[in-house]
Structures are given as C-alpha cells and as structure tokens.
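Read through the structure below, which is laid out as structure tokens, and then see the notes.
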Ligand SMILES: Cc1cc2nc3c(=O)[nH]c(=O)nc-3n(C[C@H](O)[C@H](O)[C@H](O)COP(=O)(O)O)c2cc1C
Ligand code: SF4
Ligand code: SF4
Ligand code: SF4
Ligand code: FES
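Residue numbers (the working numbering), protein chains in the order written: chain A, 389 to 807; chain B, 15 to 560.
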C-alpha cells in the first residue's frame with residue numbers, strides 16, 4: 389500500500405496546525421531562511437543544483453540551473469516572479485500550499501530571492517483564487533509586521549519586498565513570458581524567446597519565473613541538504629511531488645508522492661480505485677495537455693523521465709482518471725474547447741488550429757464525422773505542434789494526436805452510432 | 015563579416031543580425047508576414063520557418079526555426095527550400111486560408127498581396143474548410159485608411175506600428191484565440207498623421223488606402239523613384255502611375271531620410287501631379303492688356319527686345335524665386351540674374367522653421383518648412399528674406415524688370431501691388447498663381463514628377479527625381495527656359511541638359527563638386543561641411559503636446 393510522503397504537506401496534514409506566522413515558527417519554520425542568510429547566493433544556487441530539484445510548473449526544468457542563467461552585472465535589478473496562476477485543467481496543488489501553509493511557500497520564496505539577488509519579488513496569482521490571494525496577503529502582512537520582510541530581511545539581511553499580483557483569469561498568463569507582460573500591464577501574450585527571462589524578463593530586467601511548489605521545496609532543501617531531497621525519487625527525478633488526482637476515483641484530492649511511485653498504485657491506493665466497480669478506460673497523467681494513457685499503459689513509474697519514456701509527460705502532475713463509460717470524443721472536445729478558448733491567438737497554427745480541431749470534433753459529436761475527418765483532425769493536431777511561440781500549441785496537439793491514435797475506434801463508433 | 019550558408023550559398027551578416035534579415039539583404043526571398051524591418055520581432059505568423067541543419071557546431075536544430083527571430087551564427091547552415099520547410103509552410107498557409115475570404119477579385123491588395131503570392135507558391139489547395147468563416151463587421155478606423163477585418167491574418171504589424179513607430183497607441187488587438195481581431199480603441203478613429211504607412215505594411219488587403227481604393231488595379235501601375243516635395247525632409251517615394259495619371263505615392267526605403275515611412279499629407283501631394291485646371295499649358299504674353307497664347311520663341315524674342323530696351327543692370331532688375339525650384343533651376347536663375355540682367359542678388363523667402371523632436375523618429379519627418387529646396391537655395395548663396403519688409407530698400411531703386419520663378423511671397427499682396435507697376439514682369443511656373451496674373455510674359459514650367467532634377471533637403475542631402483509622367487507638350491523644365499532666355503539675351507551658357515547644368519553647378523559651388531545625374535545614388539548625396547541654417551529651431555513635441 390502506497391503511503392503519502394509528508395514533506396511539503398507536513399504541516400498541512402497536521403490537523404492541529406496553525407497556519408499563522410506564530411504557528412509556522414512553532415512548527416520549526418524560518419530556520420532555513422536564517423541559514424540561507426548566512427550563505428552566499430552562489431552557495432544557495434549550488435545547493436539547489438545539487439538537490440536535483442526540477443520545476444513543478446510543467447516543464448520540469450532544473451531549478452538551480454535556471455537560476456544560474458540569470459544575467460550578472462547588468463546594473464539592473466533582478467526579479468523573482470512566482471507563477472501561482474495554476475490554470476492547467478485538473479491542477480489544484482499550488483492552491484493547497486497557498487491556502488493552508490502560506491508561510492512555508494513564502495519562506496521558500498524569500499530563500500530563492502536571496503539566491504538570485506532579488507529585492508522585490510512578485511507572486512502572480514490566478515484571478516479566480518481569491519481565498520489564496522487573501523491568505524497570502526494576510527501572511528505577508530504578518531511578515532512585514534514582524535520585521536521579517538521590508539527594509540532588512542529578518543532585521544539584518546538585504547531589503548526584500550514581496551507583492552501579490554492577481555491575474556485576470558487567462559490560462560495563457562500562466563506561460564511565464566505572458567505572465568510577465570500581464571504584470572507589466574500589457575495584454576498577456578507569450579514573448580518570442582530568446583531573449584529568455586533570465587536575460588530580459590520583467591521590465592526587461594533579468595528575471596526568474598518559478599512555480600509555487602518549486603519554491604516551496606526550498607526550506608526542506610536548505611534544512612536537510614541536497615542528498616535528503618534526492619532520496620525521494622530515482623536518479624534525475626528528485627524530491628517529493630504534489631499530484632492533483634481527479635476524475636473517476638473514489639478519493640480525489642491532492643497527495644504528496646515520492647517520484648518512484650507507480651501510477652497504478654497512485655490511482656488505486658491513494659484514489660481508492662474506480663467508483664461503482666467500473667473498469668478503467670484511460671488516464672490523463674499530467675494535466676490536460678499531456679498525452680493520454682490507456683488502461684494498459686498505466687503500469688509506469690510516476691516520474692519525469694519514466695512518463696516521458698512512455699510518450700507522455702508529468703506536466704503539472706494533474707492525474708485525471710476516466711472509466712469505461714466515458715465518451716472520449718466528448719472528453720477530447722472538452723479539452724480542445726478549453727485550449728481554443730484560451731489560445732492568445734497570435735500564432736497562426738494555434739489560433740486557427742485549435743478552433744478548426746474543435747469544429748471537426750464537434751462534427752463527430754453531431755454524427756457528421758468520417759474517416760477522412762479523423763485523419764484531418766490528427767493532422768491538424770500535428771501541425772500545431774512545435775510550430776508556435778509558446779507550448780499551448782503543443783498542449784492542444786498532444787491530446788488530439790494521442791486520443792485520435794489510441795481511441796480511434798471510439799471516434800468511428802460515435803460515427804456508427806449516429807448513423 | 016561573418017558568414018553562414020543559406021541553401022548552400024554563403025551569406026554575410028552583421029553580428030546580431032537575424033537569419034531572415036540577412037537573407038533578405040542577400041536577395042533570398044524567405045516568405046514572411048509578421049516580420050517588418052521597422053518593427054519589433056514577434057515571430058507569430060510562423061511563415062518564415064527554416065531548417066537549421068547545422069547550428070555552426072555540426073549539430074542540427076531538432077525543430078524548424080522562425081528565421082525572423084533566429085540569430086545568424088558563423089558557419090550555420092540553413093535550408094529554406096527542403097521538403098521539411100516547404101511542407102511546414104504549406105501547413106501554415108492552410109491555417110491562414112481557412113478563415114480568409116479569398117475575395118481577391120474585389121480586394122484592392124490583389125496584385126501586391128503577400129498572401130495571394132504565397133498561396134500561389136505554397137498553397138496546395140488541400141484546405142477544405144467546411145465551417146463558417148470568421149466574419150467581422152466593417153469599421154471606420156481612420157481618415158486615411160479603411161479596415162476590412164475579415165481579410166486580416168493577425169500579423170500585428172499595424173498594432174506594433176502605432177505602439178512602436180508613432181507611439182500613438184490608437185490601434186490594437188482585441189479578443190483572443192480564434193476571435194482575435196484588430197480595431198481602434200474606444201471606437202475612436204485614428205488621428206495620427208502617418209496612417210498610410212499602415213496600409214503599406216499590412217501584408218494583405220485588411221488595411222487599405224482610402225485614397226487609392228478601387229481606382230486602379232496595382233499590376234497596371236508603373237513605378238518611378240522620386241522624392242516627396244511636401245516639406246524640407248524630402249521623403250523618398252515611388253511615384254505610381256498609369257496612362258500618364260499618377261495614382262499614388264509610396265514611401266521608398268532610405269535609412270538616412272525617412273526609413274520606411276512618409277506622412278499622409280505627403281501622400282496626398284500626388285493630386286497636384288494630375289492638376290489640369292490650374293496648369294499653365296502654353297506660354298502667354300500680354301497683348302493689349304490680355305494674356306494671349308504665344309510660342310516660346312515669340313516669348314523669348316519679345317523678352318530679348320524689351321530687356322535690351324530697358325537695360326536693367328544693378329538696381330534695375332529684381333529676381334525672385336521660391337525655394338521649391340530644383341537646384342538646377344536655381345542655378346540657372348542665378349546665372350540669368352547675374353549674366354543676363356546684371357542683377358547682384360536673387361531673393362527668396364526664408365522664414366524661420368521648426369524641426370520636431372520626440373521619442374519617435376517618425377515625428378521628425380514633418381517639418382514646418384513646406385518647401386523642398388531651401389537648403390539648395392542657401393548653398394547657392396541666394397538672398398533669403400524672412401520678412402518682405404526686408405525688400406523695401408531694394409524696391410526703392412524702382413526696378414524696371416522683374417523675374418519671378420515659382421510662387422514666392424505668396425501672401426504678400428502689398429509687395430505684389432508695388433511690383434505690379436513695373437514695366438516688365440516675367441513669371442515662370444507650372445501653375446497659375448498671383449504672379450502669373452500680373453505678368454507680361456508667362457512661361458510654363460514643369461513639376462518634379464515630370465523632370466530629372468535634384469533637390470537639397472534639410473540635412474543638405476541632394477536627392478534626385480526622374481521623369482515619371484510626361485509633362486504637357488508645351489511646357490519646359492525651368493532650367494531649360496532659363497537657359498533659352500540666356501541664349502536669347504546673347505549670354506548662352508552652353509548648358510543643354512539637366513545633367514550639364516548640375517555639373518556646371520558643381521564647378522561653381524564647391525559643395526556640389528563632382529555631382530552628376532548620370533551616376534547619382536538613389537539614396538542621395540550628403541553635401542560636405544556643416545549644416546548651418548540660423549532659421550532652424552528644434553521643438554520638443556513631447557513638451558509641446560503636454
Ligand atoms: C500555456 C502554458 C500555461 C502554463 N501555465 C502555468 C501555470 O499555470 N503555472 C505554472 O507554474 N506554470 C505554468 N506554465 C509553465 C511556465 O511557463 C513556466 O515554465 C513555469 O512557471 C516555470 O516554473 P518552474 O521552473 O518552477 O516549473 C505554463 C506554460 C504554458 C506554455
Ligand atoms: S501557441 Fe497559442 S497561446 Fe501560445 S503564443 Fe502562440 S497563439 Fe498564443
Ligand atoms: S490588419 Fe493587416 S497589418 Fe494588421 S494584423 Fe491584420 S493583416 Fe496584419
Ligand atoms: S514628411 Fe515631408 S517630405 Fe515626408 S512625406 Fe511628409 S510632406 Fe513629404
Ligand atoms: S515572419 Fe517569422 S514568424 Fe512571422
């Protein structure tokens with residue numbers, strides 16, 4: 389039986405935990421920040437590199453390495469911007485951290501600011517997350533009142549301010565460069581890269597964008613060391629990871645897992661299996677944009693590398709389970725409708741392709757599909773991939789291509805049923 | 015310069031230059047929509063995809079790259095025409111065309127539409143969009159341009175233009191995804207003075223020039239390089255015409271003068287090139303108080319006789335010109351004044367003028383000096399007059415002969431009244447004006463669109479025009495009229511072409527030395543030495559606007 393790991397969720401799983409600053413300190417909080425203040429920024433970066441921490445926002449990019457790309461000696465301020473836009477369908481892990489243990493996350497953010505020399509950090513929170521915004525602002529107030537944030541970090545360090553910036557409800561503003569545009573007060577449109585944010589990001593200054601969960605790993609890494617963090621997963625897949633389990637499972641929710649757990653065990657042990665004794669049809673393993681796995685394919689280690697090898701991805705670690713009675717055509721329609729609605733529209737393949745694909749799938753739903761359209765749908769999905777400014781084109785293309793390949797017969801059946 | 019390989023051919027590039035701009039400079043056409051050299055790079059149309067088979071380190075890029083955003087690197091090998099890129103381009107074209115109305119037969123861009131061109135070359139016709147196309151209503155967006163949003167391919171050039179080039183932020187992108195569209199803000203039509211450029215840079219027929227719409231199919235137009243004479247900037251333009259009628263002016267790229275742009279007022283100046291009503295078609299002479307058509311020869315003969323009789327000399331002749339005349343005309347006028355009439359000076363208006371300065375280059379184009387050759391007049395040492403009161407002492411000598419080139423001191427009615435009493439007034443001009451009304455002899459000149467001539471702009475850059483349209487049969491270039499007058503006065507200068515005049519000018523005025531029309535750079539020639547016009551002042555339009 390798979391057991392939950394309790395690193396990031398250590399406090400959250402404690403029913404008596406008081407999430408105020410006082411409570412957080414009582415639970416051993418801010419120790420890491422004090423220690424980080426004694427360290428050189430380069431040492432924190434090196435420690436993070438050694439820990440093998442990979443970004444939890446979707447791309448799994450090594451965090452320490454990303455920090456080391458920050459342009460040096462530019463004479464400009466550097467920025468850390470936390471991506472709390474959490475909008476990938478099925479994902480709700482960052483919300484838990486911000487709502488129920490904001491100080492652990494904020495401590496991670498403060499440590500990271502030290503690492504990259506940031507004096508003013510921003511937290512870009514999804515527009516719909518009002519409770520999280522309130523929770524973070526309350527926690528920040530406590531930090532300011534206690535003299536931890538402000539002119540001197542912890543009363544002796546450099547100046548550090550943190551600001552919460554609510555989004556306005558666009559999925560695309562979770563893409564890091566669109567997010568920066570949005571904070572700057574522009575339309576959130578992903579920027580062409582290079583230049584990468586590490587060279588020219590927020591207000592054209594060197595900037596790092598990190599996910600909430602990524603930053604929340606920092607207190608543990610500083611307290612317990614790189615090796616301790618690495619121990620929570622196979623080589624190159626370090627640390628505990630939060631998953632958002634949803635769909636046809638008995639116990640949906642956010643769980644903390646080691647990165648060597650098996651996907652099947654996650655579904656059956658944490659999720660308690662499929663409701664009403666039904667059979668599993670498939671699993672979307674890493675948010676709406678990851679390629680779907682069929683019931684036969686779920687015996688796989690839930691890690692960055694193993695999932696990539698299985699032809700899909702960890703993404704935002706949102707696992708969506710669907711049972712035998714699920715209409716996959718409808719499911720794909722729902723996914724594509726989402727991406728078509730959320731595309732910013734600047735790239736030709738994404739703007740036109742997401743909508744076109746949606747229209748073709750609708751034909752199937754209306755009984756107007758055929759073999760020719762199935763092929764075309766597959767091709768349109770493919771043409772959106774790898775040809776756009778941001779990964780949203782791929783994000784829509786991957787489910788289209790995997791559904792039309794792995795569940796091609798169901799598209800044909802819908803057709804037959806309607807006929 | 016470092017070199018990379020494009021389809022096997024070596025191409026030189028400036029460090030930091032993108033693959034696409036280097037390719038375009040080398041004359042290799044890589045299809046593109048969103049890239050424009052005057053705007054920031056967004057890399058969103060995805061048309062310019064190329065295959066980087068070697069990054070310069072022996073390794074290929076796994077995915078196709080947008081050449082507009084890809085830095086050129088020494089030793090890099092780029093393929094623009096292999097199967098992979100051609101297929102990718104076809105796919106992008108397919109996406110672009112599914113929602114495009116393809117109403118080429120009624121679209122004004124037809125013939126110069128990049129979408130039309132590329133769909134010819136890169137379309138496969140495999141797209142069958144069986145769903146309703148996107149439809150938007152018509153919007154009035156500006157005084158100068160019309161918007162047909164259904165044809166828009168969302169390249170955002172127009173949006174970037176008002177943000178980055180004019181700084182007026184009047185035009186932008188609305189909605190997102192499939193519903194993305196362009197419009198003005200808050201329903202307000204645009205007011206910037208450079209809207210015509212948006213029609214130029216729009217790669218399709220979504221933004222078109224209201225002036226030009228529906229007048230002529232573009233493939234019928236012939237094109238001749240020229241300059242705008244609407245102000246002292248002298249934006250480089252192309253005159254586009256058919257059957258001797260000018261239909262529009264388009265800016266011609268010149269990094270040192272106007273970059274890719276020109277102003278709307280300058281664009282409208284093509285109207286005068288087609289002017290017939292107010293055009294002087296034949297020489298005229300006053301017979302019993304009435305202006306009657308005569309021939310050039312009759313005019314010259316009569317003038318020779320009268321001038322000999324009046325024997326003007328110093329104080330007896332007054333020579334006036336505006337600063338719209340070409341360098342050649344001004345030089346010959348100076349010659350006529352000195353050699354033919356014995357006058358020491360040629361007077362021209364030189365009021366103070368302002369050069370705008372702002373954060374946006376384009377604002378610096380429109381100067382308050384609405385003449386095309388003030389700097390040329392200054393080089394030639396003509397006597398500038400800021401106020402007609404300065405002519406008072408000159409007029410006290412009661413000149414007997416007055417020669418007027420063009421339409422100087424247009425609004426000085428008092429001056430005109432005084433001069434009207436003169437025994438002999440000669441006016442040379444392509445158009446009727448206050449002076450031609452007074453004149454005893456009127457000689458019809460030609461417009462800059464009808465001659466080979468040079469003008470000196472505010473930077474002291476000499477720029478040339480070419481004969482684009484044919485002038486009315488019985489008109490002559492001003493330099494020629496003046497040369498013929500000299501001949502009639504027995505003071506032949508032996509100059510029988512515009513080029514000969516320019517070369518003679520080079521001998522007389524050192525800064526013009528060596529200039530010749532037969533080998534003249536289309537980018538113009540900056541005169542040596544310092545610009546030093548005391549009438550010039552710089553106005554900061556940032557503070558002026560506030
Ligand atoms: C369309 C799109 C949406 C994204 N949305 C989010 C998001 O909601 N939250 C997030 O953390 N990262 C999101 N990302 C990933 C970010 O661009 C970025 O990679 C991430 O914030 C980096 O943080 P990390 O290195 O800590 O993972 C999105 C990416 C794309 C292409
Ligand atoms: S891929 Fe889609 S969402 Fe991303 S920048 Fe391009 S159009 Fe916008
Ligand atoms: S109107 Fe023209 S310039 Fe503007 S986005 Fe559309 S196609 Fe591009
Ligand atoms: S700025 Fe002056 S020269 Fe340029 S187009 Fe306008 S009027 Fe003509
Ligand atoms: S020209 Fe390069 S993407 Fe548009």
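Idealized CB from N, CA, C, for every residue including glycine.
Could you check if residue i belongs to the surroundings of ligand 3, using beta carbon to heavy atom distance under 6 angstroms?
i: residue 50 of chain B; result: no
i: residue 196 of chain B; result: yes
i: residue 218 of chain B; result: yes
i: residue 62 of chain B; result: no
Between which two residues does the beta strand (DSSP E) holding residue i run?
i: residue 595 of chain A; result: 595-599
i: residue 706 of chain A; result: 706-711
i: residue 470 of chain A; result: 467-472
According to DSSP, simplified to helix, strand and coil, what is residue i?
i: residue 199 of chain B; result: helix
i: residue 238 of chain B; result: strand
i: residue 140 of chain B; result: Legend: pLDDT at residue 140 of chain B = 47, less than 50; position of this residue unreliable, value from coordinates given subsequently. In this structure, residue 140 of chain B counts as coil in the three-state DSSP scheme.
i: residue 109 of chain B; result: helix
i: residue 362 of chain B; result: strand
i: residue 765 of chain A; result: helix
i: residue 123 of chain B; result: coil
i: residue 650 of chain A; result: strand
i: residue 35 of chain B; result: helix
With distances taken between CB atoms, is the gap from residue i to residue j smaller than 7 angstroms?
i: residue 762 of chain A; j: residue 791 of chain A; result: no
i: residue 500 of chain B; j: residue 350 of chain B; result: yes
i: residue 320 of chain B; j: residue 457 of chain B; result: no
i: residue 420 of chain B; j: residue 443 of chain B; result: yes
i: residue 595 of chain A; j: residue 469 of chain A; result: yes
i: residue 264 of chain B; j: residue 158 of chain B; result: no
i: residue 605 of chain A; j: residue 467 of chain A; result: no
i: residue 44 of chain B; j: residue 70 of chain B; result: no
i: residue 730 of chain A; j: residue 571 of chain A; result: no
Please confirm whether residue i has its beta-carbon closer than 7 angstroms to some beta-carbon of chain A.
i: residue 378 of chain B; result: no
i: residue 140 of chain B; result: With a pLDDT of only 47 at residue 140 of chain B, under 50, the local geometry of the prediction cannot be trusted, and the value read off the model is given with reservation. So no, residue 140 of chain B is outside the interface.
i: residue 97 of chain B; result: no
i: residue 194 of chain B; result: yes
i: residue 131 of chain B; result: no
i: residue 145 of chain B; result: yes
i: residue 215 of chain B; result: no
i: residue 236 of chain B; result: no
i: residue 296 of chain B; result: no
i: residue 27 of chain B; result: no
Following a CB-centred definition, is residue i positioned closer than 6 angstroms to any heavy atom of ligand 1?
i: residue 602 of chain A; result: yes
i: residue 484 of chain A; result: no
Distance cutoff 7 angstroms, beta carbons only. Does residue i sit that close to anything in chain B?
i: residue 789 of chain A; result: no
i: residue 731 of chain A; result: yes
i: residue 677 of chain A; result: no
i: residue 786 of chain A; result: no
i: residue 697 of chain A; result: no
i: residue 562 of chain A; result: no
i: residue 516 of chain A; result: no
i: residue 771 of chain A; result: yes
Kindly indicate the opening and closing residues of the alpha helix (DSSP H) around residue i.
i: residue 529 of chain A; result: 518-533
i: residue 535 of chain B; result: Element bounds for residue 535 of chain B: n/a, residue is neither H nor E.
i: residue 343 of chain B; result: 341-349
i: residue 435 of chain B; result: First-last for residue 435 of chain B: undefined, no H or E at that position.
Does the beta-carbon of residue i, which I'm using as the reference point, lie nearer than 6 angstroms to any heavy atom of ligand 2?
i: residue 734 of chain A; result: yes
Please determine whether the Cβ atom of residue i lies at a distance below 6 angstroms from any heavy atom of ligand 4.
i: residue 380 of chain B; result: yes
i: residue 247 of chain B; result: yes
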